[in-house]
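Okay, so here's the structure we're looking at.
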Amino acid sequence: MKMSKEKLSKLYKRIVTRWIFNGATSLNYEKMEGLGYAYSMLPFIKETYKDNPEGMKKSVLAHLQFFNTTPYTAPYILGMNVGIESKQKEESLEAVSALKTGLMGPLAGIGDSLFVVIPWTICGAIAANMALQGSSVGIFIWLAVSIALRLTAYPLFKGGLISGTNLLTKIETTLKSVTNAVSILGLMVVGALIATVVKVNWAFTFKQGKLSMTGNQILDQIMPGLLPAAVVAIVYYLLSKKVKPVYVILIVLIVSVVLTGLHILK
Amino acid sequence: MHVQLWQTLLVVFYGFFINYDKEGPKFGTAQPVVAGFLTGLIMGDVTTGLYIGGTLQLMTLGITSFGGASVPDYQTAALIGTYLSVSTKQDASIGITLAIPVAMLIVQLDVLKWSTNIYFQQKAEKYAEKEQYRKLELMQYLATINTSFVSGLPVLFTVLVGPKIVGSIIKYIPLWITNGLKVAGGILPAVGIGMLLKYLPTKDYFAYLLVGFVLAVYLKVPILGISLLGAAIALITYKNSNKSSNLNIEAGGADEDE
Chain H
113 MKMSKEKLSK
123 LYKRIVTRWI
133 FNGATSLNYE
143 KMEGLGYAYS
153 MLPFIKETYK
163 DNPEGMKKSV
173 LAHLQFFNTT
183 PYTAPYILGM
193 NVGIESKQKE
203 ESLEAVSALK
213 TGLMGPLAGI
223 GDSLFVVIPW
233 TICGAIAANM
243 ALQGSSVGIF
253 IWLAVSIALR
263 LTAYPLFKGG
273 LISGTNLLTK
283 IETTLKSVTN
293 AVSILGLMVV
303 GALIATVVKV
313 NWAFTFKQGK
323 LSMTGNQILD
333 QIMPGLLPAA
343 VVAIVYYLLS
353 KKVKPVYVIL
363 IVLIVSVVLT
373 GLHILK
Chain E
317 MHVQLWQTLL
327 VVFYGFFINY
337 DKEGPKFGTA
347 QPVVAGFLTG
357 LIMGDVTTGL
367 YIGGTLQLMT
377 LGITSFGGAS
387 VPDYQTAALI
397 GTYLSVSTKQ
407 DASIGITLAI
417 PVAMLIVQLD
427 VLKWSTNIYF
437 QQKAEKYAEK
447 EQYRKLELMQ
457 YLATINTSFV
467 SGLPVLFTVL
477 VGPKIVGSII
487 KYIPLWITNG
497 LKVAGGILPA
507 VGIGMLLKYL
517 PTKDYFAYLL
527 VGFVLAVYLK
537 VPILGISLLG
547 AAIALITYKN
557 SNKSSNLNIE
567 AGGADEDE
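So the sequence lines, in the order shown, correspond to chains H and E. Note that my numbering has the first sequence beginning at 113, numbered continuously upward. Note that my numbering has the second sequence beginning at 317, numbered continuously upward.
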């Protein structure tokens, strides 16, 4: 493509911005993010195949095909696609399609844990916990993190553009140790959550002379947080027995109503 | 309370925006706790919003949608729960209980969206064949609007008829049920936590779960402090694992499986 550097980087920005704001909004069961992918690539395709309507059509149709990965990491694929297709034009379409298909799996695996599960767990836990104490600070932290995570699209696109597939395998090995390390952080936060967030109160009150103790006080003497830990353990057990989360929620609702009715919990 | 027109309009607009942000920009407004907070802000009762949003957030911690799986829509539920409990002056725990079935109902709408968007996809392919690329873009925008309906329609419906219906239903619910549901509100976060534990490598790193628990229960360290400590341990572990992989220690193996 014969374009000035500034015009080119403007075009690249347009692709990524299109992807960020509208990439996965047309999700469907048939081609998943296919339409969004083609839509995002359109400015590039129009520029590349300016004098070649047949090629333009071929490219658009190719990019309308099935595509599915984490929206966060997709810009890397978009970048690689642009990098290859701007040099090889229509001849590269088959290779590009293969690359897209090959990369979307691993990138989804990496993207889901690194961009979704881990940050959402940690930020979500902090924000929710602070919210329950009446503070909105955690929410603002989370909004900032969310926007920052999304802005990685631009450097990721550049990375894809410059590199080939070989870089990806390198990232993947280091990412595994990152994921492992961050899981530790996640688990510590969850451990704290069990104790602070799950609230179970035993309605029982023990009275002897002037001494009066609530059920919770008695249990706290054995171990603070015993009831919440027990509840989480039961839920975890049910979930590992492949009971659907929806049913677990229903069980919790019913058991709570019954036990409260029997004055066992309050 | 009397809900002003501007409040209604803002809530409805936010309702439509939620699912767009969830699939599109992902700027964070489609998280339950944020939805509760923002709705509380609009309705003039931030405390209730924070409480409902925070509780629902904890329930969803482990539930993240991958590869197109539909999961309960707790973010829209947080909006609806907050709106209803503030506008009908009910306890926040009632808002949570109302929100749970709403979240599960919206899943159906999500599935409907995934299906109806096929229409726009196929239309777009036809337009591409005819080289009408503007219309392809139009299909993308229409699908986007369709996506925002998933959260927008339930909110619109709630705003139109919700408070009246809910107000009259609540009158007929016996006290022992509402009390039980309040207790359930305290226990339900355990479900989210349990799901999260299933996703994380709990068995390999059970010790850290215990450390977090002990820090919170016995030492009363606030959650931010525990996160920072966790981050420190994670950093150390990461450095060590890099070192050992650089040295190529064969027998190490402790972090190999997983």
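Idealized CB from N, CA, C, for every residue including glycine.
Where Ile296(H) and Ile238(H) are concerned, what is the direct C-alpha to C-alpha distance, given to the nearest angstrom?
In this structure, the alpha-carbon of Ile296(H) lies about 16 Å from that of Ile238(H).
Would you mind sorting Trp131(H) into buried or exposed? The rule is 16 or more other CB atoms within 10 Å of its CB.
buried
Exposed unless 16 or more other CB atoms sit within 10 angstroms - verdict on Met115(H):
exposed
Quick one: which unbroken alpha helix (DSSP H) runs of 4-plus residues sit fully inside the segment 124–165 of chain H? Chain order, please.
146–160
Leaving out the 5 sequence neighbours to the left and right, which residues in its chain are closer than 7 Å to Arg126(H) when beta-carbon positions are compared?
Here the set comprises Pro155.
Taking the alpha-carbon positions, what's the Ile253(H) to Gln347(E) distance?
13 Å
Who are the near neighbours of Leu350(H) in its chain, counting only those whose CB is closer than 6 Å to its CB and skipping five residues on each side?
Val360
Based on the DSSP secondary-structure assignment, which residues constitute the bridge partners of Ser324(H)?
Lys319(H)
Cβ neighbours of Pro505(E) in the same chain (closer than 7 Å, five flanking residues each side left out):
Thr371, Leu374 and Met375
Considering only the beta carbon of each residue, do Tyr336(E) and Ser431(E) sit closer than 7 Å?
no
To be precise: take each residue of the segment 511–526 of chain E, compare its Cβ to all Cβ atoms of chain H, and keep it if any distance is under 7 Å. Which residues remain?
Met511, Leu512, Leu513, Lys514, Tyr515, Leu516, Pro517, Thr518, Tyr521, Tyr524, Leu525 and Leu526
Under 7 Å between C-beta atoms, does Ile493(E) make it to chain H?
yes
Nearest-angstrom Cβ-Cβ length linking Pro341(E) and Phe133(H), presumed shorter than 8 Å
6 Å
Contact check, Val327(E) vs Thr363(E) under 8 Å by CB: the rounded distance?
Going by Cβ atoms, the distance from Val327(E) to Thr363(E) rounds to 17 Å, so no, they are not a contact pair.
Ignore the nearest five residues each way along the sequence and tell me which others in Ala307(H)'s own chain have a CB closer than 8 Å to its CB.
Pro336, Gly337, Pro340 and Ala341
Using a cut-off of 8 Å between C-beta atoms, extract the partners of Val349(E) located in chain H.
Gly236, Ala239, Ala240, Ala243, Gly250, Ile251 and Trp254
DSSP state of Lys117(H), grouped into three classes?
The answer is helix: DSSP assigns Lys117(H) an H, G or I state.
Determine whether the Cβ of Lys311(H) lies closer than 7 Å to any Cβ atom of chain E.
yes
For Leu321(E) and Ala408(E), the rounded distance between their alpha carbons
23 Å
Assign Glu441(E) to one of two classes, buried (16 or more other C-beta atoms within 10 Å of its C-beta) or exposed (fewer than that).
buried
Counting pairs of beta carbons, one from the segment 243–251 of chain H and one from the segment 265–276 of chain H, are three or more of them closer than 8 Å?
Touching, no.
Got a sec, what are the start and stop residues for the alpha helix (DSSP H) Asp337(E) sits in?
Leu321 to Glu339
Strictly under 7 Å for the Cβ-Cβ distance: is Gly321(H) near chain E by that measure?
Taking 7 Å as the CB threshold, Gly321(H) stays off the interface with chain E.
If you run the structure through DSSP and keep just helix, strand and coil, what is Leu377(H)?
In this structure, Leu377(H) counts as strand in the three-state DSSP scheme.
Please report whether the beta-carbon of Lys559(E) lies at a distance below 7 Å from any beta-carbon of chain H.
Against chain H, the CB of Lys559(E) has no partner CB under 7 Å away; the residue lies outside that interface.
Could you check what DSSP says for Phe343(E) in three-state terms: helix, strand or coil?
Coil, per DSSP.
Taking C-beta pairs closer than 7 Å, name the residues in chain E that Arg262(H) reaches, listed in chain order.
Pro341, Lys342 and Phe343
At least one CB of chain E closer than 7 Å to the CB of Leu377(H): is that the case?
yes
Could you please give the first and the last residue of the uninterrupted alpha helix (DSSP H) stretch that includes Met335(H)?
Here Met335(H) belongs to no alpha helix (DSSP H), and DSSP marks it neither H nor E.
Through-space distance from Tyr390(E) to Val172(H), alpha-carbon basis:
Annotation: Val172(H) to Tyr390(E) spans about 36 Å, alpha carbon to alpha carbon.
I'd like to know whether the C-beta of Asn164(H) is nearer than 7 Å to at least one C-beta of chain E.
For Asn164(H), no CB of chain E lies under 7 Å from its own CB, so it is not counted at the interface with that chain.
Taking 7 Å as the cut-off, decide whether the C-beta atoms of Met144(H) and Ile157(H) are in contact.
Not closer than 7 Å, so no.
Which of the three DSSP states, helix, strand or coil, is assigned to Phe179(H)?
strand
Do three or more CB pairs link the segment 221–230 of chain H to the segment 178–188 of chain H at distances below 8 Å?
yes
Start-to-end residues for the alpha helix (DSSP H) that takes in Lys439(E)
Ala408 to Glu445
Look at Leu299(H) and Tyr367(E) and say whether their C-beta atoms are less than 7 Å apart.
When the beta-carbon positions are compared, Leu299(H) and Tyr367(E) stay at least 7 Å from each other.
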